[in-house]
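Read through the structure below, which is laid out as structure tokens, and then see the notes.
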Amino acid sequence: MNRTIGQGPWYLGIDGGGSKCRVVLVDTNDQVLGEGLGGPANPLRGMKVATDSIMTATLQAMAQAGLPEAYLSQLVVGAGLAGVNMPQYFKLVSEWQHPFAEFYLTSDLHTACIGAHQGRDGAVIIVGTGSCGLADVDGQVLDIGGHGFPYGDNGSGSWFGNQLVHHVLLHKDGIGAATLLTDLLCQDIGVSATLDIVSHFMHATPTVYAKYAPLVFAAAEQGDATALAIIERGAAHIEHIAQRLFSLNPPSLSFIGGLAYKVIPYLSPAVQARVREAHAAPEFGAVWFARAQQSKSQASTKERV
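So, in structure tokens, the structure goes:
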């Protein structure tokens, strides 16, 4: 359906992670007008990759809403992106010559927390392509992780996928335990020789490694000891993040990300007892972030006048 400019403004919320970019387009009443999905939107993987993913998802959402591309200049955008916790990448994305009316940038972790708790106090842990956590209580913010693969992101999809390849190669060399992971991986990638496996993953990105993480959980469900050990190590890292966030005593903890609810059963009962379902997805948190930043900007402008 076509809309006139007078019915705006429209708000676009962006959740840009290491594997995919989700966006939601809403009106001033939070009515969803359209949604979109793009590829990786972490600028660490390339600025063009990130911005192309954002624009692909945005145009999908606009098409659903019946808004022509010319209306990009009417959108007020909130973007929560992985990687912009690093100052140089925040600066890089901030300098992007975007086509929007306004563009407010923060980390994907921040918008995930806003969405999960409707802007109220709470904590959130992301277990997706990467892993990280944030607690926001009484104005005090504590964030853990977000250092990127391979330096961090333990317990994440990229980490699980990398561990899978590592243990398969040990098994193939005869110096690691036999594991069902070997057959599962070789069937999936269509090669079985050790050097062919190495060649397959030689230039693998975190997104590629994360694609194979489900194989670890599939093997664990069949009782594979190596897979179970990998999951327990990954879950232990997520447990450490949770316990550190609890130092601020957040009222509740929510998990976000494609692997979150595969990892939760391996956490301690004490952590599981504090987990609450997120109120809204991170892209809605990005919408609320955009509104809040726009209000601050307008208030500041009025003060100067």
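Residue numbers (the working numbering): 38 to 342. Glycine included, every Cβ here is placed at the ideal spot set by N, Cα and C. Note that the coordinates shown come from a computational prediction; the quantities given were computed from them, not determined experimentally.
Looking at residue j and residue i, is the spacing between their C-beta atoms short of 8 Å?
i, j, result
"residue 146", "residue 175", "no"
"residue 98", "residue 73", "yes"
"residue 137", "residue 109", "yes"
"residue 119", "residue 50", "no"
"residue 296", "residue 252", "no"
"residue 186", "residue 243", "yes"
"residue 100", "residue 75", "no"
"residue 319", "residue 67", "no"
"residue 226", "residue 237", "yes"
"residue 117", "residue 148", "yes"
"residue 322", "residue 152", "yes"
"residue 247", "residue 131", "no"
"residue 302", "residue 158", "no"
"residue 249", "residue 222", "yes"
"residue 150", "residue 94", "no"
In this structure, how does DSSP classify residue i when only helix, strand and coil are distinguished?
i, result
"residue 212", "coil"
"residue 188", "coil"
"residue 298", "helix"
"residue 328", "helix"
"residue 41", "Low confidence applies to residue 41: its pLDDT is 44, below 50, so where it sits in the model is not reliable, and the reading given next is rough at best. Reduced to three states, the DSSP call for residue 41 is coil."
"residue 155", "coil"
"residue 77", "coil"
"residue 280", "helix"
"residue 104", "coil"
"residue 202", "helix"
"residue 62", "strand"
"residue 320", "helix"
"residue 347", "Since the first residue of the chain shown is 38 and the last is 342, residue 347 is not available in this structure."
"residue 70", "strand"
"residue 304", "coil"
"residue 335", "helix"
"residue 121", "coil"
"residue 135", "coil"
"residue 287", "coil"
"residue 363", "Here the chain has residues from 38 to 342 only, and residue 363 is not among them."
"residue 195", "helix"
"residue 90", "helix"
"residue 259", "coil"
Can you list, in chain order, the residues of its chain with a C-beta nearer than 7 Å to that of residue i? Leave out the 5 residues immediately preceding and following it.
i, result
"residue 139", "113, 114, 331"
"residue 275", "162, 164, 168, 192, 300, 304"
"residue 311", "289, 290"
"residue 42", "Reliability fails at residue 42, whose pLDDT of 42 lies under 50, so the model's placement of it is uncertain and no value is given."
"residue 133", "88"
"residue 126", "80, 81, 120"
Here's a check: name, in chain order, each residue in its chain whose Cβ is nearer than 8 Å to the Cβ of residue i, leaving out the five neighbours to either side.
i, result
"residue 282", "160, 162, 170, 171, 172, 179, 181, 290"
"residue 14", "Because the chain is modelled from 38 through 342, residue 14 falls outside the range shown and cannot be assessed."
"residue 69", "61, 62, 63"
"residue 218", "201, 204, 205, 208, 252, 253, 256, 261, 263, 264"
"residue 245", "198, 238"
"residue 177", "285"
Considering residue i, what are the terminal residues of the alpha helix (DSSP H) in which it resides?
i, result
"residue 246", "243-248"
"residue 235", "231-238"
"residue 131", "124-131"
"residue 217", "217-226"
"residue 310", "Where residue 310 is concerned, there is no enclosing alpha helix (DSSP H), given that its DSSP letter is neither H nor E."
Starting from residue i, follow the beta strand (DSSP E) in both directions and report where the run begins and ends.
i, result
"residue 292", "290-293"
"residue 174", "168-174"
"residue 144", "139-144"
"residue 52", "47-53"
"residue 116", "112-118"
"residue 178", "177-182"
Could you name the residues of the same chain whose beta carbon sits closer than 6 Å to that of residue i, not counting the 5 residues immediately before and after it, in chain order?
i, result
"residue 141", "115, 327, 330"
"residue 122", "144, 183"
"residue 190", "167, 168, 196"
"residue 45", "111"
"residue 155", "316"
"residue 279", "308"
"residue 214", "263"
Three CB pairs or more closer than 8 Å across the region 265-279 and the region 189-206: By the Cβ rule, the region 265-279 counts as touching the region 189-206, because three or more pairs are nearer than 8 Å.
Segment contact flag, the region 224-233 with the region 257-268, C-beta cutoff 8 Å, min 3 pairs: Taking a cut-off of 8 Å for Cβ pairs, the region 224-233 and the region 257-268 do not touch, as fewer than three such pairs fall below it.
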